[in-house]
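Have a look at the structure below before the remarks.
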Amino acid sequence: MMPLRSRTYTACSGCSLCLLSCPVWRNTHDIRLTPHGRAKAMQHGATAIDLAESLDSCTLCGACEPACPESIDLVGMVTGLRGELALQREATPPFDGVLPAPTGNISPPTMLIAEQSMSDNPGLLRSIIEQLGGDVAVSVSSDSGTDISIALSDGLPIPAERLEHFLAPLRTTLRVIVADGRLFYALKNWLHGVTIASLGEALSALPQVRSKLSDGDLYVIESVAFHRDHERLISHYDSLRLASGCSMNLDLQRMAVPTTASARAHGREFVEEQVRWILQGRAPTRIVVEDLADIPAFQRVADVPVIHVGALL
Ligand code: SF4
Ligand code: SF4
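For what it's worth, my numbering labels the leading residue of the sequence shown as -3, then goes sequentially.
Set out below in structure tokens:
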């Protein structure tokens, strides 16, 4: 059961706990760019346009949500306000009216929604499919849903026809494995009766993958999916850590320190600072990442091999 975070900015007590895990606070120490700052500003009448800089700064990593004792939907607050802002800015939604080719009428038991960037690495994608499949067929969806993920991040409306086209082949499968953290969360709400797992969770649950991790490894959890299903996934990753001895990008509150490798409003320096923070006090002999986009960020900072969890075998 996903945790219910339905409360709004009105519930903010100003406790500041969300600051502890927020990468934007850590890098800027600017309270206006935090959930605390946004919620308090709104309690005093601020609107989306007043908060434009703050809204742009949020990476949607989700690390603030498990920290908030008031269970405020802090990521939803940002995307909702971004939607209002987009209306005022007359932003163009990321839909071009061309629907991707359908995947067919009968879906296999497991469907993988890979990131577009994985198509640049067919060897890795093949290896991931083989590992996930075992004796069961796995198909890669022909529709990566990138435009839908962008719309979710920006709080923009998704045309019903586009959404139905994306979801139709997924409704007839038993299990969907998805690399994009934002789609992971949305699919949990859109598809009932279908098991949804993040790619990192699915791969790291495999015994053959677990057996390849050891105490010299730093295992980097993809933060968006992790924080949106924090209560359930913390047990999964705790057992992985205990079984393998590897360290993880978890802080004292057991939030996953995000690299925010795909953060739009921040530059390379911001991302590298996050990576240095994760590495502080650690001397891993190898870094294993769930998010493909994290590989170049860690390679720039660390002098050890950096691989995707799908390449462990
Ligand atoms: S989603 Fe991430 S970047 Fe945005 S406020 Fe929360 S912790 Fe900070
Ligand atoms: S943790 Fe929640 S209640 Fe506390 S300041 Fe942040 S948003 Fe407000």
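All C-beta atoms, glycine included, are put in the ideal place defined by N, C-alpha and C. Just so it is clear, the structure is predicted and the values come from calculations on it, not from any experiment.
- Relative to ligand 1, the beta carbon of Ser53 is positioned inside 8 Å of a heavy atom.
- For Met107, the enclosing beta strand (DSSP E) stretches over residues 106 to 109.
- Setting aside the 5 residues that flank it on each side, Ala257 is surrounded in the same chain by Val267, Asp287, Ala289, Asp290, Ala293, each with a C-beta closer than 7 Å to its C-beta; the list follows chain order.
- Not one heavy atom of ligand 1 falls within 8 Å of the beta-carbon of Leu81.
- When Leu152, Thr142, Ala147, Trp186 are compared, the shortest CA-CA separation from Leu163 is found for Trp186.
- Note that the C-beta distance between Val271 and Ala298 is below 9 Å.
- If you check the C-beta of Val284 against ligand 1, you find no heavy atom less than 8 Å away.
- When only Cα atoms are considered, Thr281 and Arg237 end up about 16 Å apart.
- Under the Cβ criterion (8 Å, minimum of three pairs), the region 104 to 121 does not count as touching the region 72 to 90.
- Of the candidates Ser9, Ala63, Glu49, Ala7, Ala63 places its Cα closest to the Cα of Asp225.
- Not one heavy atom of ligand 1 is found less than 8 Å from the C-beta of Thr4.
- In this structure, the C-beta of Cys8 approaches ligand 2 to less than 8 Å from one of its heavy atoms.
- Secondary structure remark: continuous alpha helix (DSSP H) runs of at least 4 residues inside the region 103 to 151, in chain order: 118 to 129, 142 to 150.
- If you compare the alpha carbons of Gly33, Cys18, Trp21, Ser67 with that of Arg1, the shortest gap goes to Ser67.
- By the criterion of a C-beta distance shorter than 6 Å, Val134 is surrounded in its chain by Thr106, Leu108, Ile125, Leu128, once the five residues flanking it on both sides are discounted.
- A straight line joining the alpha-carbon of Leu275 with that of Gly212 spans about 13 Å.
- Per the DSSP secondary-structure output, Val172 pairs in a beta bridge with Met107, Ile192.
- The alpha-carbon of Leu13 is positioned some 46 Å away from that of Asp131.
- Sixteen is the threshold: when 16 or more other Cβ atoms of the shown chains lie within 10 Å of the Cβ of Ala110, as they do, the residue is buried.
- Ala37 is the residue among Pro19, Trp21, Ala37, Gly177 whose C-alpha sits nearest the C-alpha of Cys8.
- A direct Cα-Cα distance of roughly 18 Å separates Asp116 from Leu308.
- If you check the CB distance, His262 and Asn23 come in under 9 Å.
- Comparing alpha-carbon positions, the option among Leu199, Arg34, Gln249 lying closest to Ala48 turns out to be Arg34.
- DSSP places Leu166 in the uninterrupted alpha helix (DSSP H) bounded by 156 to 167.
- DSSP places Val253 outside both helix and strand once states are collapsed to three, so it counts as coil.
- For Leu56, the distance from the CB to the nearest heavy atom of ligand 1 is below 8 Å.
- At a cut-off of 8 Å, the beta-carbon of Trp21 counts as near ligand 1: some heavy atom of the ligand is closer than that.
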